[in-house]
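Encoded structure:
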(Lines of atoms letter the chains of each structure in order from A; the text may use other names.)
(Lines give C-alpha, C1' and ligand atoms only; values in the text may rest on other atoms or scores of the structure.)
Protein backbone atom coordinates (compact mmCIF):
# COMPACT_ATOMS: atom_id res chain seq x y z
CA UNK A 26 0.00 0.00 0.00
CA UNK A 27 2.77 2.45 0.88
CA UNK A 28 4.38 1.94 -2.55
CA UNK A 29 1.08 2.72 -4.25
CA UNK A 30 0.56 5.83 -2.11
CA UNK A 31 4.14 6.99 -2.66
CA UNK A 32 3.79 6.56 -6.42
CA UNK A 33 0.48 8.44 -6.32
CA UNK A 34 2.02 11.31 -4.36
CA UNK A 35 4.92 11.53 -6.81
CA UNK A 36 2.52 11.70 -9.75
CA UNK A 37 0.41 14.41 -8.13
CA UNK A 38 3.55 16.33 -7.12
CA UNK A 39 4.68 16.38 -10.75
CA UNK A 40 1.36 17.90 -11.83
CA UNK A 41 0.88 20.60 -9.17
CA UNK A 42 2.88 23.63 -8.11
CA UNK A 43 4.94 22.74 -5.02
CA UNK A 44 3.02 25.14 -2.76
CA UNK A 45 -0.34 23.60 -3.68
CA UNK A 46 1.01 20.09 -3.22
CA UNK A 47 2.48 20.94 0.19
CA UNK A 48 -0.69 22.69 1.36
CA UNK A 49 -3.39 20.32 0.10
CA UNK A 50 -1.94 16.90 -0.73
CA UNK A 51 1.09 16.23 1.47
CA UNK A 52 -0.94 16.25 4.75
CA UNK A 53 -3.23 13.47 3.45
CA UNK A 54 -2.68 9.88 4.52
CA UNK A 55 -3.88 6.77 2.76
CA UNK A 56 -6.12 4.45 4.75
CA UNK A 57 -7.06 0.86 4.04
CA UNK A 58 -10.80 0.28 4.15
CA UNK A 59 -12.59 -3.04 4.48
CA UNK A 60 -15.24 -1.88 2.02
CA UNK A 61 -18.04 -1.17 4.46
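In the working numbering, the protein residues as written are 26 to 61.
Note that CB positions come from ideal geometry on N, CA and C, so glycine has one too.
Starting from the Cα of residue i, find the closest Cα among the options and give me that residue.
i: residue 46; options: 59, 54, 34; result: 34
i: residue 31; options: 44, 42, 53; result: 53
i: residue 27; options: 60, 55, 42; result: 55
Looking at residue j and residue i, is the spacing between their C-beta atoms short of 8 Å?
i: residue 50; j: residue 37; result: yes
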